[in-house]
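S.K.:
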Amino acid sequence: SQKIEQNSEALNIQEGKTATLTCNYTNYSPAYLQWYRQDPGRGPVFLLLIRENEKEKRKERLKVTFDTTLKQSLFHITASQPADSATYLCALPLNAGNMLTFGGGTRLMVKP
Amino acid sequence: KAGVTQTPRYLIKTRGQQVTLSCSPISGHRSVSWYQQTPGQGLQFLFEYFSETQRNKGNFPGRFSGRQFSNSRSEMNVSTLELGDSALYLCASSPGPQYTDTQYFGPGTRLTVL
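Protein chains in written order, with the numbering used here: chain A, 3 to 114; chain B, 16 to 129.
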């Protein structure tokens with residue numbers, strides 16, 4: 003069956019360092035992958051979308067890679083700040099509609 | 016533009032009751048999706064509507080239903096509530112119909128079933 007895996011353990015890093023989060027998937031050949039940020043008690047907020055023919059995408063301090071051979075996406079936050087502390091979710095489409103399947107999310111804690 | 020709004024924000028019901036949640040998408044958005052989020056199962060897709068038609072449905076029992084109106088506003092209904100239905104219910108809108116459209120989520124409705 004189709005599966006998306008994110009590290010369920012919280013990632014604790016020091017301010018200023020680069021945070022790297024992983025999203026692995028099985029039995030998928032997604033046309034794209036999305037990353038969202040979610041703060042406690044709030045809905046997810048869209049961050050980046052990367053398509054299957056793109057190896058890397060950047061937006062300010064964020065960088066996403068997409069390796070369709072490894073079936074893996076890496077999400078990097080450079081020069082991390084305490085305000086980056088949140089849960090980060092990856093999501094892939096199950097079909098041509100907006101039926102996104104989300105990973106369980108990884109909680110990032112950036113300590114000053 | 017105003018964001019996605021959901022009402023009510025909090026709801027407490029008892030087992031066996033039914034509940035209706037409402038979602039107003041961003042103006043101009045025609046696609047509305049509903050998700051259930053729980054600590055154990057994470058964020059799970061319920062259904063998606065585009066132009067008043069249900070395009071996709073997740074793996075939930077028939078007690079969960081929804082509809083979309085001509086102004087793109089959407090409602091979801093859960094009948095015969097069970098304790099396990101306690102969750103954060105999130106609505107997301109997108110311009111549609113492209114599947115690569117960004118999903119804009121509302122703040123959610125926190126449903127507690129006692």
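C-beta atoms are modelled at their ideal positions from N, C-alpha and C, and glycine is treated no differently.
Consider the Cβ of T117 of chain B: report whether some Cβ of chain A lies at a distance smaller than 9 Å.
M.R.: Start at 1 with the first residue of the second sequence, and residue 117 of chain B comes out as number 102. Interface annotation, T117 of chain B: in contact with chain A, CB-CB separation under 9 Å.
S.K.: Any idea what DSSP makes of D41 of chain A, helix, strand or coil?
M.R.: Residue 41 of chain A sits at position 39 when you count from the first residue of the first sequence. In the structure shown, D41 of chain A sits in coil (DSSP, three-state: anything other than H, G, I, E or B).
S.K.: Go to P95 of chain A, then tell me how far its beta strand (DSSP E) extends in each direction, as first and last residue.
M.R.: Sequence index remark: in the first sequence, residue 95 of chain A carries index 93 (1-based). Residues A88 to P95.
S.K.: Here's the rule: buried if 16 or more other CB atoms are within 10 angstroms of the residue's CB, otherwise exposed. What is N55 of chain A?
M.R.: Indexing the first sequence from 1 puts residue 55 of chain A at position 53. By the neighbour-count criterion, in which 16 or more other beta carbons inside 10 Å mark a residue as buried, N55 of chain A falls on the exposed side.
S.K.: So which residues on chain A does N3 of chain B lean against when the C-beta distance must stay under 8 Å?
M.R.: Outside the shown range of chain B (16 to 129) lies residue 3 of chain B, about which nothing can therefore be said.
S.K.: What residues from the segment 39-66 of chain B come within 7 Å of chain A, judged by C-beta to C-beta, listed N to C?
M.R.: For chain A, the residues of the segment 39-66 of chain B that bring a beta carbon within less than 7 Å of one of its beta carbons are S46, S48, G57, L58, F60 and E63, in chain order.
S.K.: Run through chain A and tell me which residues come within less than 9 Å of F120 of chain B, C-beta to C-beta.
M.R.: Stepping through the second sequence from its first residue, residue 120 of chain B is reached at position 105. Result: Y38, Q40, R44, G45, P46, V47 and F48.
S.K.: By the criterion of Cβ-Cβ separation under 7 Å, what are the contact partners of F77 of chain A in chain B?
M.R.: The residue you call residue 77 of chain A lines up with position 75 of the first sequence. Under the 7 Å cutoff, chain B gives no residues; its nearest Cβ is about 16 Å from F77 of chain A.
S.K.: Excluding five sequence neighbours on each side, which residues of the same chain lie with their C-beta closer than 6 Å to the C-beta of I27 of chain B?
M.R.: Position 12 of the second sequence, counted from the first residue, corresponds to residue 27 of chain B. Excluding positions up to five away in sequence, the list reads T127.
S.K.: Buried or exposed: S108 of chain B, going by 16 or more other Cβ atoms within 10 Å of its Cβ?
M.R.: Position 93 of the second sequence, counting from 1, holds the residue named residue 108 of chain B. Burial call: buried.
S.K.: Give me the subset of the segment 74-88 of chain B whose CB atoms are less than 8 Å from a CB atom of chain A, sorted by chain position.
M.R.: Answer set for the segment 74-88 of chain B: empty.
S.K.: Use the C-beta contact count for A85 of chain A: other C-beta atoms within 10 angstroms, 16 or more gives buried, fewer gives exposed.
M.R.: Reading the first sequence from its first residue, position 83 is the one you call residue 85 of chain A. Result: exposed.
S.K.: Mind reading off the beta-carbon distance from E90 of chain B to S37 of chain B? Whole number of angstroms is fine, and I expect it under 8 Å.
M.R.: Counted from its first residue, the second sequence places residue 90 of chain B at position 75. Counted from its first residue, the second sequence places residue 37 of chain B at position 22. About 5 Å separates the two Cβ atoms, so the contact holds.
S.K.: Does any CB atom of chain A fall closer than 9 Å to the CB of V19 of chain B?
M.R.: The count along the second sequence starts at 1 and reaches residue 19 of chain B at position 4. So, interface residue.
S.K.: Figure out for me which residue from A:T70, A:T108 and A:R63 has the closest Cα to the Cα of H78 of chain A.
M.R.: Translated into positions along the first sequence, residue 78 of chain A becomes position 76. Here the closest residue by C-alpha is A:R63.
S.K.: Could you have a look at G99 of chain B and say whether DSSP puts it in helix, strand or coil?
M.R.: Mapped onto the second sequence, residue 99 of chain B falls at position 84. G99 of chain B: helix per DSSP, three-state reduction.
S.K.: On a Cα-Cα basis, can you pick out the residue from B:T68, B:L105 and B:F120 that is closest to P112 of chain B?
M.R.: On the second sequence, position 97 is the one that residue 112 of chain B refers to. P112 of chain B has its Cα closest to that of B:T68, out of B:T68, B:L105 and B:F120.
S.K.: Got a sec: which bits of the segment 100-111 of chain A sit with their beta carbon under 9 Å from any beta carbon on chain B, in order along the chain?
M.R.: Across the segment 100-111 of chain A, CB contacts with chain B closer than 9 Å involve N100, M101, L102, T103, F104, G105, G106 and G107, in sequence order along the chain.
S.K.: Does S10 of chain A pass the burial test, meaning 16 or more other C-beta atoms within 10 Å, or should it be called exposed?
M.R.: The residue labelled residue 10 of chain A in the question sits at position 8 within the first sequence. Exposed is the call here.
S.K.: Contact criterion: CB-CB distance below 9 Å. Does L13 of chain A meet it with respect to chain B?
M.R.: If you number the first sequence from 1, residue 13 of chain A lands on position 11. With 9 Å as the cut-off, L13 of chain A does not count as an interface residue toward chain B.
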